[in-house]
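Heads up, the thing below is written out as structure tokens.
In our numbering, the protein residues as written are 1155 to 1739.
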């Protein structure tokens, strides 16, 4: 080998050695950083391992009400049982008879999944048969907003069977909000399109970190306590007497984020912008009878894309509110207990009076007080009659392309037996209670009547009986005024009610509600709604309300008469009823 070749060989060797040295140094220098780098497949800045850890830490336990037919299920069950359809106005076409999670991705709000199993009964039967094999699935998601970390849990149910509205498919969710140090500060539970927010300290928990969620029967709204659901606009039935799903029984699926490449193909359904249930008519969407939108779409957009901001838009609950909910839930028991106690006390006073000096009612009936007592009895009879007649009604004859009625139909009825009922005119439900409390006003009136009769029997002083009649008459008058005020706020209330069920009222409907609110006593109108048809509307106080008002006037008149009636002389020793002497021994 020549000297020149040796020099080249030596140079090559040095270069190779240098390259190897650089590679070795690179491995030594960058190996620790490579080891620290963790996968973040959804590209949200939170390592997947940390997301999984947080999602498992706060996985909820679900408590259902007895009678619940549907539980959280994997979405594939619904997709595989559905037909994908598209709506153009009133025209509906079938797009895919056998959709998959991939083929529904990218479809917009004009598409919907229609369950081909049939109606509620058939869907419930199929789900019951397959429930054990399907298990219970919850979709977890961990994300950031501002300095907070949010842990969300999304639940899908095959059907929403609520007292007022029902539809195929149902999405509900809860979220736990953590501060920058990953300490939980609050929890938010969805309830239809609204929700409630509570401090983490006010949340019931299992094993310190797993929130307890009480799920309403049929509607699947989420509550913090088993005695909630009575003060909302919808009549939610909540309790701790049904199926209990511990967090350890739930199959958790960790979701990625929306957007291409931010989630595995099995989660392509996140890109579906349509409805997860049938959409039979345009009117269904208007009153909340169409299937719901999924996470991140439609009414669920803010919950996904701005979870902290959404949490601030819902109502907050604390210990005082929860105590009020407990009272509302146990109202009947409390009311009966108070009624029984008052009745026993009044009966005891009557017995005591009879033994002491005899009942004084016959004395009052022979004097000037008899006029007041007669008016009071007439007021009682009017009150009883008012309970069986409507207090307020709103009726409509609707002939439009979206909704039509067979003649005149009741839209709102208020009476003493059933409380407040509304008719959404879709789904064949008819009149349904608005408020979850569902206490017939007649019960309160009947109790008042019974206690009033005991007061008359045990009357000792006309002035005292007069004061009681005055208070009773004023109470009836307040009920009448509250009824009128309730109708005067109807325009704003009906919009809130519609929003709760995902409905958007057309401007014409809002205008009609405003007309009713401005003339709450009585009115009628005929309105043409663009090219859709016409609505004949009538409203006003019913005969029951006027009877209640008359009863209030009579009781107040009774009170004034009795207060001005001179007291009869107290019973003398001769007037007192004496007991016969005991028989000789």
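Virtual Cβ for every residue (Gly too), placed ideally from N, Cα, C.
Straight-line Cα distance separating residue j from residue i
i, j, result
"residue 1499", "residue 1492", "11 Å"
"residue 1228", "residue 1256", "15 Å"
"residue 1188", "residue 1205", "Low local confidence applies: a pLDDT of 40 at residue 1188 is under 50, so the model's placement there is unreliable, and no value is given."
"residue 1312", "residue 1635", "44 Å"
"residue 1437", "residue 1660", "11 Å"
"residue 1232", "residue 1209", "24 Å"
"residue 1109", "residue 1619", "Past the edges of the chain, shown from 1155 to 1739, lies residue 1109, and the structure says nothing about it."
"residue 1527", "residue 1712", "7 Å"
"residue 1291", "residue 1489", "41 Å"
"residue 1420", "residue 1428", "18 Å"
"residue 1721", "residue 1640", "42 Å"
"residue 1693", "residue 1320", "28 Å"
"residue 1696", "residue 1213", "52 Å"
"residue 1553", "residue 1688", "6 Å"
"residue 1264", "residue 1433", "10 Å"
"residue 1302", "residue 1454", "20 Å"
Where residue i falls, given that 16 or more other Cβ within 10 Å makes a residue buried
i, result
"residue 1622", "buried"
"residue 1562", "exposed"
"residue 1389", "buried"
"residue 1502", "exposed"
"residue 1162", "Its pLDDT being 48, under 50, residue 1162 is placed unreliably in this model, and the coordinates cannot settle the point."
"residue 1300", "exposed"
"residue 1326", "buried"
"residue 1391", "buried"
"residue 1224", "buried"
"residue 1477", "exposed"
"residue 1403", "exposed"
"residue 1505", "exposed"
"residue 1724", "exposed"
"residue 1418", "exposed"
"residue 1329", "buried"
"residue 1487", "exposed"
"residue 1542", "exposed"
Beta-bridge pairing of residue i - partner residues as DSSP gives them
i, result
"residue 1406", "1292"
"residue 1616", "Beta-bridge pairing links residue 1616 to no other residue."
"residue 1268", "1237"
"residue 1566", "1548, 1576"
"residue 1217", "1368, 1398"
"residue 1678", "1692"
"residue 1242", "1245"
"residue 1433", "DSSP lists no partner for residue 1433."
"residue 1231", "Answer is none; residue 1231 lacks a bridge partner."
"residue 1661", "DSSP, once it has assigned bridges, lists no residue as partnering residue 1661."
"residue 1341", "1330, 1352"
Residue i in three-state terms, based on DSSP
i, result
"residue 1453", "helix"
"residue 1707", "helix"
"residue 1634", "helix"
"residue 1236", "strand"
"residue 1308", "strand"
"residue 1399", "strand"
"residue 1472", "coil"
"residue 1224", "coil"
"residue 1349", "strand"
"residue 1666", "helix"
"residue 1691", "strand"
"residue 1362", "coil"
"residue 1530", "helix"
"residue 1385", "coil"
"residue 1720", "coil"
"residue 1537", "helix"
"residue 1606", "helix"
"residue 1518", "helix"
"residue 1281", "helix"
"residue 1314", "strand"
"residue 1299", "strand"
"residue 1336", "coil"
"residue 1626", "helix"
"residue 1327", "strand"
"residue 1493", "helix"
Rounded Cβ spacing between residue i and residue j (contact assumed at less than 8 Å)
i, j, result
"residue 1356", "residue 1378", "7 Å"
"residue 1678", "residue 1648", "18 Å between Cβ atoms; not a contact."
"residue 1293", "residue 1407", "5 Å"
"residue 1546", "residue 1576", "With 8 Å as the limit, residue 1546 and residue 1576 do not qualify as a contact, their Cβ atoms being about 12 Å apart."
"residue 1705", "residue 1630", "6 Å"
"residue 1584", "residue 1507", "About 50 Å separates the two Cβ atoms, so there is no contact after all."
"residue 1465", "residue 1351", "5 Å"
"residue 1140", "residue 1343", "Any question about residue 1140 goes unanswered here, given that the chain covers just 1155 to 1739."
Residue i CB to nearest heavy atom of the ligand MG below 8 Å
i, result
"residue 1407", "Ligands in the displayed structure: none, and consequently the ligand MG is not present."
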